[in-house]
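Single-structure report; data block below.
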Amino acid sequence: MKLFEKTLTKQTLYSGRILDLELQEVELADGTRAPRELIRHAPAVGVVARRPDGTFVFVRQFRKAVEQVMLEIVAGICEPGEAPATTAARELREETGYTAVRLVELGSVFATPGYVDERITLFFAELTATADATQHDHDERLETVTLNRVEVERLLDTGKIQDAKTLAAWLLFTRQISPLNT
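Heads up: the sequence shown begins at 209 in the working numbering, then just goes up one per residue.
Quick look at the structure:
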């Protein structure tokens with residue numbers, strides 16, 4: 209079986225600050241036609257951030273789409289033409305006040321590839337010992353939370369962390385940077 213869809217038509221239904229909504233008509237490999245509702249989103253980053261004392265810096269913020277407060281890794285959208293590593297370092301400073309002394313790319317993920325093209329590049333950062341003042345966006349309200357590894361693992365095990373990028377980043381971090389058995 210061929211797994212391919214040929215785009216026949218595209219129509220932008222909405223164009224916003226961080227996303228566009230696109231309606232496509234596609235033709236499947238067997239000739240069947242189908243509609244596709246797609247969200248076009250700028251690339252983004254997420255950062256597992258560790259302080260010199262071994263604790264991790266997370267952020268807690270209200271997410272309107274799911275109507276709840278979420279505990280997440282530091283994250284943000286890449287500005288046009290901005291490299292993901294630059295975005296990661298910028299978001300760390302803005303959201304937490306910390307500076308990355310080492311930044312390692314862990315990989316990238318598509319959180320919802322069925323209808324969103326947002327690629328999230330994930331990083332691990334070793335941070336400075338102290339934080340400067342934060343510089344949140346004008347419409348951003350968040351709290352920084354410092355957790356040790358046992359606390360992070362407990363929150364993951366009990367389903368208290370539900371954010372996909374955070375789950376993926378922690379998995380990559382534990383496999384590539386700091387395996388659980390060491």
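The beta-carbon is built from N, C-alpha and C at its ideal position, and this holds for glycine as well.
Source: prediction; values computed, not measured.
Reduced DSSP secondary structure (H/G/I, E/B, other) of residue i
i: residue 232; result: strand
i: residue 321; result: coil
i: residue 384; result: helix
i: residue 374; result: helix
i: residue 215; result: strand
i: residue 225; result: coil
Nonlocal neighbours in the same chain, by C-beta distance under 8 Å from residue i, ignoring five residues either side
i: residue 341; result: 305
i: residue 363; result: 279, 355 and 369
C-beta contact flag for residue i and residue j at 8 Å
i: residue 359; j: residue 267; result: no
i: residue 255; j: residue 282; result: yes
i: residue 235; j: residue 241; result: yes
i: residue 220; j: residue 228; result: yes
i: residue 309; j: residue 336; result: yes
i: residue 272; j: residue 319; result: no
For residue i, the residue or residues it bridges with in DSSP
i: residue 252; result: 285 and 328
i: residue 278; result: 269
i: residue 400; result: Only positions 209 to 390 of the chain appear in the structure, and residue 400 is not among them; the question remains open.
i: residue 241; result: 235
Neighbourhood of residue i by C-beta, 7 Å cutoff - its chain only, sequence neighbours within 5 removed
i: residue 376; result: 317 and 330
i: residue 248; result: 227, 228, 230 and 325
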